[in-house]
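First up is the structure itself, then whatever we jot down about it.
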Ligand SMILES: NC(=O)C1=CN([C@@H]2O[C@H](COP(=O)(O)OP(=O)(O)OC[C@H]3O[C@@H](n4cnc5c(N)ncnc54)[C@H](OP(=O)(O)O)[C@@H]3O)[C@@H](O)[C@H]2O)C=CC1
Ligand SMILES: CC(=O)[C@@H](O)[C@H](O)COP(=O)(O)O
Ligand SMILES: [Mn+2]
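Numbering (our numbering), first residue to last: 477 to 856.
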C-alpha cells in the first residue's frame with residue numbers, strides 16, 4: 477500500500493487524484509488531506525478516505541469541522557497544518573496540488589521527509605526551482621511531474637540521454653481567446669476567460685492559459701525538471717490538446733505523447749510510475765479526430781510568454797517576481813478589479829521595477845515574493 481497525502485485535495489487536481497486512488501483502493505492508503513476553505517468537500521473526503529490528519533486554511537474553519545470528523549481523524553490548520561500533512565503522517569507520496577507559491581514550504585517539507593513528490597503545483601518550481609531541485613537531489617527524492625506537458629516530456633525522455641535531446645516542444649491550446657486578436661480582448665469578462673476549450677481546471681490556471689502565462693510557467697518548470705536551457709525549450713500552439721508535448725532528438729527523431737485531454741492519466745502515471753495501469757480515461761481515437769493542427773507561437777499576442785522567457789533567462793529572483801505578480805494580477809482580474817489585458821501590464825511593470833538578485837536563498841525568495849505581491853496589488 478502506498479501511503480499518500482494530498483495537498484489541495486478539494487481542487488481540480490486534488491479531486492481527480494482521489495478519484496484515481498478510489499478506483500484502486502488496494503494500492504493506496506490516504507494518510508493526509510489538506511484544503512483551503514471548502515469544508516463540506518473536505519469532510520466528505522475525510523469520511524470516504526479516513527486519513528490520519530486533515531488540514532484547513534484557518535483555525536476558525538478547523539474548529540468548525542472538528543466535531544464532524546470521523547473518529548481518529550485529527551484536524552490542523554494554516555501553514556503548519558500543510559507542513560504536517562506533507563511531512564508528519566508518514567506519506568510515501570505527496571500530491572502537491574495547491575495553487576500558487578503558497579505550495580513551496582509544504583513541498584520542501586515533503587522533500588525533507590523523503591516522500592516522492594507528484595508535482596502539479598508548477599508555481600513552486602517557478603518561484604524557487606534551484607532550491608527545490610537541489611533539496612530533492614540531496615535527499616534522493618523523485619519529483620514526478622503531473623502537469624500534462626511535463627508528464628508527456630517525462631514519458632518521452634524515459635531512458636534517453638539528455639545530451640541526445642535537441643529541444644523540448646511544449647504544446648499550448650491557445651486558451652479561451654485563441655481565435656481572437658489582442659484588439660478584441662478589451663472588454664472580455666471573467667466568465668468568458670474561464671471557458672477553456674479543452675480542459676476543465678481551477679480558475680487560476682484557466683486564466684493563465686488564456687494569457688499564456690501558464691505556458692511561461694511551464695517553460696520555467698521544464699527548465700528545472702529536465703535541466704534544459706531556455707533556448708532549447710519551444711512552444712507550439714496545438715488547439716486540440718491531443719499531443720501533450722514532444723522531444724526532438726539530435727538525429728531528427730521526435731517523440732510525442734498523445735491522449736485525450738484527461739488529467740487522470742498523468743495523475744495516475746505519477747502515482748504508479750514506472751508501472752502503467754488501466755485508466756478511467758477514454759481511449760484516443762485518431763481516426764475520429766481526423767486532423768490535428770499546429771500553429772507557431774505569436775509572442776506579441778501573448779506578452780506573458782515573452783516575459784516568462786525573459787524572467788527565466790535572467791534567473792535569480794526574476795521568475796519569483798514573474799510568478800508572484802502574475803498570481804496577484806490574476807486574482808485581481810477574477811475579483812473584477814482589473815481588465816483582462818491588465819494582467820500582462822501588471823506583470824511587465826512589476827518585473828521592470830525589480831532589480832534581480834542572483835542565487836537567492838529561501839529567505840530572499842520569500843521576501844521577493846511578498847514584495848512582488850505588494851507591488852502588483854497597488855498598480856493601476
Ligand atoms: N487543474 C488542472 O487540470 C491542472 C492544474 N495544474 C496545476 O496544479 C495546481 C492546482 O491547480 P487546480 O487543481 O486547478 O487548482 P484549484 O484552484 O482547483 O485547487 C487549489 C487547491 O488549493 C487549495 N488551497 C487554496 N488556498 C489554500 C490555502 N491557503 N491553504 C490550503 N489550501 C489551499 C484549494 O482549497 P479550497 O478549494 O478548499 O479552498 C484547492 O484544494 C496549480 O499549480 C495548477 O497550475 C497543472 C496541470 C493541470
Ligand atoms: C492540463 C494542463 O496541463 C494545463 O496546464 C494545460 O496545459 C492548460 O492548457 P494550455 O495552457 O495548453 O491552454
Ligand atoms: Mn499544463
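The C-beta atom is built at its ideal place from N, Cα and C for all residues, glycine as well. Since we're looking at a predicted model, the values are computed, not measured.
- When only Cα atoms are considered, residue 507 and residue 495 end up about 15 Å apart.
- With respect to residue 734, residue 720 sits close: the two C-beta atoms are nearer than 8 Å.
- If you check the CB distance, residue 582 and residue 483 come in under 8 Å.
- The C-alpha of residue 851 lies about 42 Å from the C-alpha of residue 748.
- Short of 7 Å from the beta carbon of residue 658, and not among the five residues preceding or following it, lie these beta carbons of its own chain, in chain order: 777.
- Put simply, of 751, 755, 728 and 729 the residue whose alpha carbon is nearest the alpha carbon of residue 740 is 755.
- Taking residue 611 as reference, the option from 758, 592, 820 and 742 with the minimal CA-CA separation is 592.
- By the criterion of at least three beta-carbon pairs nearer than 8 Å, the segment 653–670 is not in contact with the segment 629–636.
- By the Cβ criterion, the segment 794–803 is in contact with the segment 840–847, since at least three pairs of Cβ atoms, one from each stretch, lie closer than 8 Å.
- According to DSSP, residue 632 shares a beta bridge with no other residue.
- Using a 10 angstroms sphere on the CB of residue 772, the tally of other CB atoms stays under 16, which defines it as exposed.
- As summarised for the segment 505–560, the continuous beta strand (DSSP E) elements at least 3 residues long and confined to that stretch are 529–532 and 550–553, given in chain order.
- When C-beta atoms of the segment 564–579 are compared with those of the segment 515–530, three or more pairs fall below 8 Å, so the two segments count as touching.
- Cβ contact annotation for residue 505 (same chain, cutoff 6 Å, sequence separation greater than five): 477 and 479, in chain order.
- In this structure, ligand 1 has no non-hydrogen atom nearer than 7 Å to the beta-carbon of residue 647.
- Remark: the C-beta of residue 597 is outside contact range of ligand 2, defined as less than 7 Å to any heavy atom.
- Proximity to residue 646 across 662, 697 and 498 peaks at 697, based on C-alpha coordinates.
- Per the C-alpha coordinates, the member of 596, 590, 604 and 742 positioned closest to residue 617 is 590.
- Under the DSSP assignment, residue 684 falls in the alpha helix (DSSP H) whose first and last residues are 679–687.
- In the structure shown, the three-state DSSP call for residue 612 is helix.
- In the DSSP annotation of this structure, the continuous segment of the beta strand (DSSP E) that includes residue 721 starts and ends at 719–725.
- Collapsing the DSSP output to three states places residue 647 in a strand.
- Residue 571 carries a strand assignment under DSSP once its states are collapsed to helix, strand and coil.
- Per the DSSP secondary-structure output, residue 594 pairs in a beta bridge with 571 and 620.
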